[in-house]
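Chemist: Just passing along the structure, written as C-alpha cells.
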Amino acid sequence: MRVTSGMLVNDTLQDIKKAMERLKKSQDLATTLKKVAKPSDDPVAAERLVILHATKDKLDQYSRNLERARAFADQTDSSLSQAVDILSKAKELAVSGLNSGLNASELSIKGKEAEQLKKQMITISDSKLGNEYIFSGYKLDAAPFDQSGNYTGDDGSIELDVGPGTRTAINESGQKVFVDGHVFDALESLKTALEGADREAVRNALDDIDNALNHVLQVHGRFGARASTLDQVDKDLESRKVELAGHISSLEDADFAEAATGYMNDLKALEAAMKITERTLGVSIVNLLG
C-alpha cells in the first residue's frame, strides 16, 4: 500500500498526541505524587485502596474512641484517688474519736469535720469531664448525686470499641462506686456518732468507713487494670496503623525522584519527536496541531 503524505502526517500527529498524553500523565504524577489519581490509572490498585482507606477510617475511629476512653479513665482515676484520700481522713477522724480523753464538745467538732468530708465526697461524686458527669452511668448530662448524697443516675456504663474485637466500658456508675460501697452512709454514720459523742457508734462507723474504703480501692484497682489494657490496645492500634499506612503508600504514593525523572524523560522525548517531525515534514507542529 502506497503511503501518502496525508497518512504520514496523520500518523505523526497521533504519535505526537500520545507523547503529549504521556507527558501530561507524568507531569500530574510529579505534581501530585499520587500513582492512582483516578480508578482508570490502575483499576486493581484503586479497588484495593478503597478497601484500605475504609480500614484506615475504622482504625481512626478506634483511635478517637480510645482517646475518649483514656480521658474518662484519667478523670476517674483522679476522682477515685480523691475519694480514697477523703475516706482515709474519715478513718483517722474515727480513730481519734475513740480517744476517751475527748469530751462531748470536742467530739461534736469532729462531727462537723465528718460533715465537711461528706460534702467533699459529694462534690467528687459529681465530677465532670468537660460537660459530662463521669459517675452518672448513661446520663452523662445530669449530676448523679444531689446535695444529700442521693443517687439520681443509672447503673449503666458507656462502652466503646477501641480496637478490632476490643470493647471497653469507659465509666463506672455512681451506683457501683458510692452507693454499693455505702460511702455516704458510712460518712453520715460517723458524723452522727461523733456529734452524739457515742463512742460505740463511732467504733461501728469506723468499720463502715473501712468497708467503704476497701470498696473504693477495689474499684480504683479495676480502673488501673483497665488503663493498662488501654495502653496495650493503643500500642497494637498504632502498629496496625503504621503497617496500613505502608500498604497504602506502596500503592498510592510515587517516589519524587522517579516521578521527576520520568517527567523530564517524557518532556525530552516529546521535544525530540517534535523537532524530527518539523525537519521531516517541513511544517511547524503548531500548524499541524492547529
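Using my numbering, the first residue of the sequence shown is number 239, and each one after it goes up by one.
We put the beta carbon where it would ideally sit given N, CA and C, even for glycine.
Run through the segment 266–351 for me and flag every whole alpha helix (DSSP H) of 4 or more residues, listed as ranges in chain order.
Modeler: 281–335
Chemist: Do residue 355 and residue 321 count as a contact pair if the criterion is CB distance below 7 angstroms?
Modeler: no
Chemist: On the CB-based measure, 16 or more other CB atoms within 10 Å of its CB, does residue 444 come out buried or exposed?
Modeler: Here residue 444 is buried, its C-beta having at least 16 other C-beta atoms within 10 Å.
Chemist: So the alpha helix (DSSP H) residue 443 belongs to, where does it begin and stop?
Modeler: 437–490
Chemist: Would DSSP call residue 252 helix, strand or coil?
Modeler: helix
Chemist: Among 336, 396, 372, which has the Cα closest to the Cα of residue 348?
Modeler: Ranking 336, 396, 372 by Cα distance to residue 348 puts 336 first.
Chemist: Put residue 399 into one of helix, strand or coil per three-state DSSP.
Modeler: Residue state, collapsed to three classes: strand.
Chemist: Output the residue ranges of the beta strand (DSSP E) runs that lie fully inside the segment 350–434 and measure 3 residues or longer, sorted by chain position.
Modeler: 397–401, 404–407
Chemist: Could you tell me which of 467, 315, 293 sits nearest to residue 483, measuring between CA atoms?
Modeler: 293
Chemist: Decide if residue 457 is buried, meaning its Cβ has at least 16 other Cβ atoms within 10 Å, or exposed.
Modeler: buried
Chemist: Where residue 460 and residue 421 are concerned, what is the direct C-alpha to C-alpha distance, given to the nearest angstrom?
Modeler: 18 angstroms
Chemist: Might you give, ordered along the chain, the residues of its own chain that have their beta carbon closer than 8 angstroms to the beta carbon of residue 319, omitting 5 neighbours on each side?
Modeler: 458
Chemist: Report the residue from 256, 410, 255, 332 whose alpha carbon sits nearest the alpha carbon of residue 317.
Modeler: 410
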